[in-house]
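These notes concern the structure reproduced below.
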Amino acid sequence: MLVCPKCQSKNQDTNKFCQRCGTSLTQKPCHECGTEVPVNAETCHNCGALTGTIFWAIIAQEPDELPSPVDSPELPADLTLNEPQITNNEPQTEDEPITQPLSPLNSSNVPDGTKEEENQDHTSEPQSGTIYLDSQQRYQLLEPQKSPEAATSEEQHYILAGRVLDTQPFQESLLDVLVQNEQAESDWDELIPAMAQPYFLGEEYWPTLPKIHDAWKQDGEAVVLLEDRSQRQMIVDLWKHEDIEMAQILYWLIQMTQLWEVLEPFHCRQSLLEITNLRVDEDGVLTLQCLYPEPKDQQLTLEDLGQMWQQLFSQSQRTQLTALKEVFQQLSSNEIRNVDELRSRLQEIAEPQPSPEIETTPNDLSPQEDLAIEPIRFELPEEPPTVIPPKAFGNDDHPSNENDYDSLQTEILPMELSSLIDAGDTDIGNQREHNEDSFGIQTTVKKLENPQGRTVEARGLYILCDGMGGHSAGEVASAIAVETLKDYFQQNWYDQFPTEETMREAVLQANEAIYDENQKNASSGSGRMGTTLVVILVANTKVAIAHVGDSRLYQVTRKEGLKQVTVDHEVGQREIQRGVEPAIAYSRPDAYQLTQALGPRNEEFVNPDVQFLEVNEDTLFLLCSDGLSDNDLVEKYWQTYLTPLISSRANLERGVQELIDLANAHNGHDNITAVLVRLKVRPDMRRQRLF
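Residue numbers (the numbering used here): 273 to 963.
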C-alpha cells in the first residue's frame with residue numbers, strides 16, 4: 273500500500289494520486305526550489321538538491337551479525353564503513369536485483385553511479401547497471417563498500433555497508449506491515465535478521481541511536497536499513513575546532529558514559545570504541561552511525577573506553593584538561609572500576625558553581641511552582657521494546673527486567689538557551705464562511721558574543737484564541753483577547769519572569785475587555801461573543817503557560833515524545849476530574865461543551881489554569897485550536913509531523929502549513945490555527961568549573 277505523505281491515507285500500489293486528498297504519489301516538490309521531482313529521483317533536475325529518501329544499508333552473510341571492525345590504535349585513513357567511495361568502471365549490461373549471495377566486493381566491483389531519466393509518467397528510470405538490494409527493486413544501492421571483517425570470527429563473514437535510495441518512499445516497509453499485523457515473535461525470528469534486534473533500542477534512545485527503517489532475510493543474507501548518518505560530522509573532527517567549548521566536550525563524555533551502561537546488556541559497547549562511528553548532528557547531539565557487537569573473545573572494560581578517549585584527544589590535537597587527564601589515568605590504572613564511579617567523577621568536574629548573576633531560587637515565581645532543573649533521566653525501559661524484544665548477540669540471553677538498569681539515571685550539565693524560533697498561521701477550513709481564530713507572536717532575541725563565548729537571551733509571547741463557534745463576532749472576541757494580552761505584558765513584563773498572579777491578571781483583563789464589549793452591545797445568550805485562550809511566555813529556558821477553554825498546548829521532545837500540557841475546560845474533563853470513568857464522561861451529549869471561556873461572563877466565572885516549566889532539552893511547543901486537535905489528530909500523527917521539527921534544519925513555517933493541510937484533510941469542519949515554538953538548548957558554558 274502507498275501511504276499519502278499529506279493525509280497519511282493508504283492507497284493501492286497502482287494509484288498515481290491519493291484517493292482521499294488528491295496528492296501526487298509519483299512526484300513531490302523540491303524543498304529548495306519547489307520544482308516537482310519524481311519521488312524516486314536522487315536529486316532535483318532543476319537545482320541539484322538532494323530530494324531522494326536515503327538510508328544506510330548493512331548487508332551481511334548469515335549467521336548474521338552487526339559489523340565488527342578490526343581493532344586499531346590509529347584511525348584508518350581508508351575506513352570504508354563511514355566514508356564510502358566508488359570507483360568508476362564499466363556498468364553491467366542490464367538491471368539485476370541482488371538475488372544471489374553477495375561476493376566479497378571491493379569498490380572496483382561496483383558499477384558507476386547511474387543517472388536517471390524521467391519517464392512520461394514523471395518517474396525516474398534508472399540506467400542499466402543499477403544494483404538493488406531486494407528482488408522488488410525498491411532499494412537502489414548508491415555507494416556500496418566493504419566493511420572490515422570481524423577479526424575474531426571463526427567464519428569469514430563479509431559486510432557491505434553503504435547508502436541506498438528508496439525508489440518507492442511512500443510504500444510501506446516490511447517492518448511497518450509486521451507491526452500493523454501484530455505478528456507473533458516466531459514470525460519475527462523467521463523474517464527479521466538477528467542483527468536488527470538491538471536497533472529497536474533506537475525508539476527509546478533516538479536521536480543518539482539510529483532508527484531502523486526496514487530489515488529482512490534474503491538468499492542467505494541479512495539486510496538492515498537505518499537512517500543515513502554517514503554525512504554527519506565525526507566528533508573527532510569537531511574537537512579540532514577551537515570554538516567548540518570544552519564544556520561541550522565534557523557533555524559528550526558524560527553521554528558516552530551513559531551509553532556504555534545502556535549498551536552493555538545488548539553487547540554493543542564496541543559501538544562507542546569506533547571513532548568514526550561517533551557522529552554529531554546539526555544540533556550538536558552525540559549520535560552513533562550504527563551498532564557494533566563486542567568481540568566474542570574479549571571482555572570490554574572501562575579501560576577500553578578511557579583509551580578511546582585518549583585517542584580522541586590525541587587525534588584532535590587539543591589540550592586536555594588537568595581534571596580529565598586524571599580521569600583518563602584512573603581509567604587506565606583500573607582505579608575507576610565501574611560506571612557509577614566514572615559518572616561521579618565527570619559530574620564533579622561539571623558541577624556548576626554559584627554565580628551572582630543567576631538566582632539560586634525562583635523567588636519571582638509562584639511558591640507552588642518549583643522550577644528547579646530536573647535531571648534528564650537516561651533509563652532502560654521497564655519492558656523490552658514493544659515492537660520486538662532486543663536480543664543479545666551470540667549464545668547469551670538478553671538481560672532480564674530484574675536487572676537494575678531500569679533505575680539508571682544521570683544528571684546532566686545545566687542548560688542554556690541556544691536559539692528560539694517560531695512560526696504561526698491560521699486557515700478558514702473547508703466548511704466555515706469566516707475565520708474566528710486569532711493568534712499573536714512577539715519575540716525578542718539578543719545575541720552576545722565575546723572572546724569567552726556566545727550567549728543568547730530571548731523572550732517570546734505566544735497567544736492563540738479560538739472565537740466561540742455559534743456566537744456572533746467570535747472573530748472580534750479572539751482579536752480583542754490577543755491585543756489585550758499583548759498590551760498587558762508589554763506594560764507588565766520587565767526583568768522578572770511573570771508570576772502566577774501576573775498570568776492570572778492578564779487573562780482576567782482579556783476577559784474583562786470582551787465582557788465589557790458584550791455589555792456595551794447589550795448582547796445576551798448565544799449572542800454574547802467569547803473565545804478560548806492558550807498563551808505561553810518564554811524567557812530563555814523558563815516557560816509560563818495559561819489557558820482557558822479547549823485550545824491546547826502540546827510539548828514534544830526527543831526523550832519524552834508527545835505530551836498534552838493543557839487539559840480542556842469541557843464537561844467531559846470536568847466529570848473525569850470528579851472520578852467518572854472517561855468512557856462514561858464522554859458518553860454525555862454535552863461532553864464537549866465548554867465549562868469556561870473568555871467574555872460571556874464576568875471574572876467570577878473564569879479560572880485559568882497556570883503552569884510553569886523549565887526546558888532542559890530541545891523542545892517543540894505546539895499551540896493549536898480544536899480545528900487541528902479534534903479527532904486525536906495530533907496524537908495520531910505527531911511522530912510524522914512534529915518530531916522532525918525539533919531539528920534545527922527543519923523549517924517551522926513549512927511545518928505549520930503541513931499541519932494545516934493535515935487538519936483540512938482529516939477534519940476541515942472548523943477554523944485551523946497552529947503556532948510552533950522551538951527552543952534549542954546546550955550545556956551552560958558559563959557555569960562550569962573546568963580547571
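Backbone N, C-alpha and C define an ideal beta-carbon position, used for all residues, glycine too.
Contact between the segment 487-495 and the segment 462-477 is present: 3 or more CB-CB pairs across the two stretches fall below 8 Å. Following the DSSP letters along the chain, one finds K719 inside the beta strand (DSSP E) bounded by residues 709-722.
Rounded to the nearest whole angstrom, the C-alpha separation of Q408 and L757 is 58 Å. F893 and A946 have their C-alpha atoms spaced approximately 10 Å apart. S691 carries a strand assignment under DSSP once its states are collapsed to helix, strand and coil.
Linking R726 to P955 through their CA atoms gives a straight-line distance of about 12 Å.
As DSSP reads the structure, C737 sits in a beta bridge with S710.
Of K568, V878, D285, Y864, the smallest CA-CA separation from A818 is found for V878.
The segment 529-543 makes no contact with the segment 582-600: fewer than 3 CB pairs, one atom from each, lie closer than 8 Å. According to DSSP, residue pairing for V495 in a beta bridge involves I331, W488. DSSP places D881 in the uninterrupted beta strand (DSSP E) bounded by 881-886.
For Y826, the enclosing beta strand (DSSP E) covers residues 824-829. By the Cβ test, the segment 758-774 is not in contact with the segment 715-722, since fewer than three Cβ pairs between them sit closer than 8 Å. Bounds of any beta strand (DSSP E) do not take in G324, whose DSSP letter is neither H nor E. Within the same chain, and ignoring the five residues on either side of V806 in sequence, the residues whose Cβ sits closer than 7 Å to its Cβ are L736, H819, S823, R824, L825, T838, L895.
When rounded, the separation of the alpha-carbon atoms in K814 and G833 is 19 Å.
Going by DSSP, Y523 is part of the alpha helix (DSSP H) stretching over 518-535. The distance from the Cβ of S588 to that of K512 is about 5 Å, consistent with a contact at the 8 Å cut-off. Of the residues assessed, A816 falls on the buried side of the cut-off, its CB having 16 or more other CB atoms within 10 angstroms.
Contact between V599 and T529 does not hold, since their C-beta atoms are separated by about 10 Å, which reaches or exceeds 8 Å. Approximately 17 Å separates the beta-carbon atoms of L931 and T891; this is outside 8 Å, ruling out the contact. Excluding its 5 nearest sequence neighbours in each direction, H303 has no C-beta neighbour in its own chain below 6 Å. Here H485 is buried. Its C-beta has 16 or more other C-beta atoms within 10 Å.
A distance below 7 Å between beta-carbons, with the five flanking residues on each side excluded, links G940 to the following residues of its chain, in chain order: G701, N702, Q703. Across the structure, A313 and Q284 are spaced so that their CA atoms are roughly 21 Å apart.
Contact check for H841 against G871 fails: the beta carbons are separated by 7 Å or more. T803 is the residue among K792, L934, L780, T803 whose C-alpha sits nearest the C-alpha of V748. When the five nearest sequence neighbours on each side are left out, the beta carbons in the same chain lying within less than 7 Å of the beta carbon of I693 are those of L924, R950, in order along the chain.
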